[in-house]
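Note that my numbering has the sequence shown beginning at 153, numbered continuously upward. Glycine residues also receive a C-beta, built at the ideal position from the N, C-alpha and C atoms. A quick note: this is a predicted structure, and the numbers were derived from the prediction, not measured. Report on the following structure.
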Amino acid sequence: MSNFKPAREPRVGVIVVHAFGPYKEGQFLEDPVLIDQLVADGQSWRINEAVLLTPTR
């Protein structure tokens, strides 16, 4: 038997780089509707695209 586990899919979203409202610096957001709303509200300068890699163990 092998202990091999397939890699999990990475989580795609944004990371907050400038805290605002209820969001803290370093917080990972992955709700596409919320992200679209933040961009539409002119808050895109407060977030950066991010991919969260999860460990396989």
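{"Query": "Just mark V164 as buried or exposed, buried being the case when its beta carbon has 16 or more other beta carbons within 10 Å.", "Result": "exposed"}
{"Query": "Could you tell me which of L205, E161, P162 and I167 sits nearest to Q195, measuring between CA atoms?", "Result": "I167"}
{"Query": "Could you check how far apart the C-beta atoms of P162 and L204 are, in whole angstroms? I think they sit under 8 angstroms.", "Result": "6 angstroms"}
{"Query": "Where E122 and I187 are concerned, what is the direct C-alpha to C-alpha distance, given to the nearest angstrom?", "Result": "Residue 122 falls outside the range modelled here, since the chain spans only 153 to 209, and no answer is possible."}
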